[in-house]
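Enquirer:
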Amino acid sequence: MTVSVAVNRYLDLHITSSSSKSIYNGYIQAGIVFIFSTIMNIPRWFEFRYGRSYDLVNSSFVVTSLLKNGSSVSQVVYSTRNLSVLILEATELRKDNSYIRDYTLIANSFLVVAVPTCIMLLSSVLIYR
């Protein structure tokens, strides 16, 4: 997003009105950002998997009723319920240390910090001239 703002700012200030109008179309710039971010985040979609665990739970409890004459009656009530639990677990990709180092740490830091900073600096220098 930072890169698209910097590029848009540069293009707005340096491209004359006689240039191609398609450059000013925000949908093209938004589409480029969407495609690039989708491609960069594809591996993240495979880091986790989920499943469900189904279990039957038997339970019992005692119900005590107080009668009008002061005596009480107790009954044992048995019930069976279906218990389903959502399970989320890391895949082998997420557990791989080289993936975490190369993709999560190095590539994302480079693409999220270094590249936008350089583009912002470059566009600011070009705008200032």
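In this note's numbering, the protein residues as written are 1225 to 1353. Positions of the beta carbon are idealized from the N, C-alpha and C atoms, including for glycine.
To the nearest angstrom, report how far apart Cys1342 and Val1336 are at their CA atoms.
Expert: By one-based count along the sequence shown, residue 1342 stands at place 118. By one-based count along the sequence shown, residue 1336 stands at place 112. Using only the alpha carbons, I get a separation of about 11 Å.
Enquirer: Ala1338 and Phe1272: beta carbons closer than 8 Å?
Expert: For this step, residue 1338 is matched to residue 114 along the sequence shown. For this step, residue 1272 is matched to residue 48 along the sequence shown. No, the pair does not count as a contact, with Cβ atoms beyond the cut-off.
Enquirer: For the putative contact between Leu1310 and Tyr1274, defined by C-beta atoms under 8 Å, what is the C-beta separation to the nearest angstrom?
Expert: Position 86 of the sequence shown holds residue 1310. Position 50 of the sequence shown holds residue 1274. Their Cβ separation, rounded to whole angstroms, is 6 Å, which keeps Leu1310 and Tyr1274 in contact under 8 Å.
Enquirer: How many Å lie between Ser1296 and Val1287 at the Cα?
Expert: Numbered from its first residue, the sequence shown carries residue 1296 at position 72. Numbered from its first residue, the sequence shown carries residue 1287 at position 63. Distance between the alpha carbons of Ser1296 and Val1287 is about 10 Å.
Enquirer: Going by DSSP, what residues sit across from Val1281 in a beta bridge?
Expert: Mapped onto the sequence shown, residue 1281 falls at position 57. The partner list for Val1281 (beta bridge, DSSP) reads Arg1305.
Enquirer: For Arg1353, which residues in the same chain have their Cβ closer than 6 Å to its Cβ, ignoring the five residues on either side in sequence?
Expert: On the sequence shown, residue 1353 is found 129 positions in, with the first residue counted as 1. Nothing meets the Cβ criterion.
Enquirer: Considering only residues of the same chain and omitting the five flanking positions on each side of Tyr1302, which have a CB-CB separation below 6 Å?
Expert: As a first step, residue 1302 is located in the sequence shown; it is residue number 78 there, counting from the start. Within the same chain, Tyr1302 has close Cβ partners Ser1284.
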